[in-house]
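**Q** Per UniProt numbering, the sequence shown starts with residue 3, numbered consecutively. The beta carbon of each residue, even a glycine, is placed where N, CA and C say it ideally should be. Just so you know, these numbers come straight off a predicted model, no measurement behind them. One structure coming up, written as structure tokens, with questions to follow.
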Amino acid sequence: RIIYVNGRYLPYHDAKVHVEDRGFQLADAVYEVIEVSDNSLVDATRHLTRLWRSLSELSISPPMSEPALCHVMGQTIRRNRVRNGLVYLQVSRGESPRDFLFPDPPVPPTLVCLARATIPAQVDQRAETGIHIITMPETRWKRCDIKTVMLLPACLAKQQAHAQSASEAWFVDAEGLITEGASSNAWIVDRSGRLLTRPLDNTILPGITRRTVMDTAASLGLVVEESPFTVAEALDAAEAFITSATNTVMPVIMIDGQRISSGTPGPLCRQLRRSFARVAEHSPVG
Ligand code: PLP
């Protein structure tokens, strides 16, 4: 495998950043994950817009222009012969002796890009059966709208889910409302067929797939309400699902060991999953 690190395409074992990189010592870094489907980047425009916003919220300067970054992604994908998979971008504030304060004068940001093949979303067997999830108290900070590499609460949540034979965890806030998954946005379909997902604020990541699923729902004439829901409402829902770039739309059939409705992927969820690719932007790998 070939990995891009700060201007160079390096063999896997040579792809290294300095121990005093602020991403390593302080989690002072942001990232993006973009799906590669059939030699195209899915929703790249929206992902790059969000990356620029994350950088701006943390006052990290963009490592290069957007077209240049697209070129790096294209090169990384092609050099690894990835046709279906994902591309991972990470930008840290750079390498500097450990200090809480930002380096002054600023240092060049560190840019890493890697690509790897995954099972294409269309043939992911888990979508046929649906996944199990658990819920747990929210433990993350109050700026979940920024896509930072500060992912320890998500690691702990995923590990706990795994220990309970589930594949995702939904965080629950102090009011008993679900915020989102450890690495996905949370959705339910209520008994009158309305799609519910939490409105955007500092408690969740503005998921790109969430946004495109809203467009997909509109194209199918489905009603989406951006309103929060409780665990009890989720357990009583007609359908539940998660959205993320790597899963697109993934049905949830069990929450905390309780079956959702009939315990099989719901019809609206399946419809959204089928129609997603028609609505999402596909840009050929450059
Ligand atoms: N929420 C969190 C906390 C995430 O980490 C992710 C993706 O990794 C998402 C939501 C889904 O975002 P997207 O659809 O942009 O992949």
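Out of 249, 287, 286 and 253, which has the shortest C-alpha to C-alpha gap to residue 122?
**A** Among 249, 287, 286 and 253, the Cα nearest to that of residue 122 belongs to 249.
**Q** Hey, is residue 288 close to the ligand PLP, as in C-beta under 6 Å from one of its heavy atoms?
**A** no
**Q** Count the other CB atoms, across all protein chains shown, that sit within 10 Å of the CB of residue 51; report buried if there are 16 or more and exposed otherwise.
**A** exposed
**Q** Count the other CB atoms within 10 Å of the CB of residue 197; is the residue buried (16 or more) or exposed (fewer)?
**A** buried
**Q** Could you check how far apart the C-beta atoms of residue 111 and residue 63 are, in whole angstroms? I think they sit under 8 Å.
**A** Indeed they touch by this definition, with Cβ atoms about 6 Å apart.
**Q** Name the DSSP beta bridge partners of residue 183, please?
**A** 172
**Q** At a cut-off of 6 Å, is residue 187 close to the ligand PLP when judged by its beta-carbon and the heavy atoms of the ligand?
**A** yes
**Q** Which value, in whole angstroms, describes the spacing of the CA atoms of residue 243 and residue 269?
**A** 11 Å
**Q** Would you list the residues sitting across from residue 23 in a DSSP beta bridge?
**A** 97
**Q** Three or more C-beta pairs under 8 Å: does that hold for the segment 200–211 against the segment 153–162?
**A** Here the segment 200–211 makes no contact with the segment 153–162; the two share fewer than three CB pairs at distances below 8 Å.
**Q** What residues in its chain sit with their C-beta under 7 Å from that of residue 94, if we drop five residues either side in the sequence?
**A** 23, 24, 25, 30, 31, 111 and 112
**Q** According to DSSP, is residue 54 part of a helix, a strand, or is it coil?
**A** helix
**Q** Below 6 Å, is the gap between the Cβ of residue 246 and the nearest heavy atom of the ligand PLP?
**A** yes
**Q** Could you spell out where the beta strand (DSSP E) holding residue 285 opens and where it closes?
**A** For residue 285, the uninterrupted beta strand (DSSP E) segment begins and ends at 284–286.
**Q** Are the segment 173–193 and the segment 127–143 touching by the rule of at least three beta carbon pairs closer than 8 Å?
**A** yes
**Q** Contact criterion: CB-CB distance below 7 Å. Does residue 224 meet it with respect to chain B?
**A** In the displayed structure, chain B is absent; only one protein chain is listed.
**Q** To the nearest angstrom, how far is it from the Cα of residue 103 to the Cα of residue 96?
**A** 13 Å
**Q** Can you tell which of 58, 67 and 72 has the C-alpha that lies nearest to the C-alpha of residue 45?
**A** 72
**Q** Select from 237, 281 and 177 the residue whose C-alpha is nearest the C-alpha of residue 217.
**A** 281
**Q** If you drop the 5 nearest sequence neighbours on each side, which residues of the same chain put their C-beta closer than 6 Å to that of residue 201?
**A** 228
**Q** Which one of 177, 36, 174 and 219 has the shortest CA to CA distance from residue 87?
**A** When only C-alpha atoms are compared, the closest one is 36.
**Q** Scan the segment 33–87 and note each continuous beta strand (DSSP E) run of 3 residues or more that stays entirely inside, going in chain order.
**A** 42–44
**Q** Just to check, is the beta-carbon of residue 182 closer than 6 Å to a non-hydrogen atom of the ligand PLP?
**A** yes
**Q** Helix, strand or coil for residue 219, going by three-state DSSP, please let me know.
**A** helix
**Q** Can you give the Cα-Cα distance for residue 39 and residue 79, rounded to whole angstroms?
**A** 11 Å
**Q** Which stretch, first to last residue, makes up the alpha helix (DSSP H) that contains residue 120?
**A** Premise fails: residue 120 is in no alpha helix (DSSP H) and is neither H nor E.
**Q** Per the DSSP calculation, residue 246 is bridged to which residue(s)?
**A** 250
**Q** To the nearest angstrom, report how far apart residue 155 and residue 164 are at their CA atoms.
**A** 14 Å
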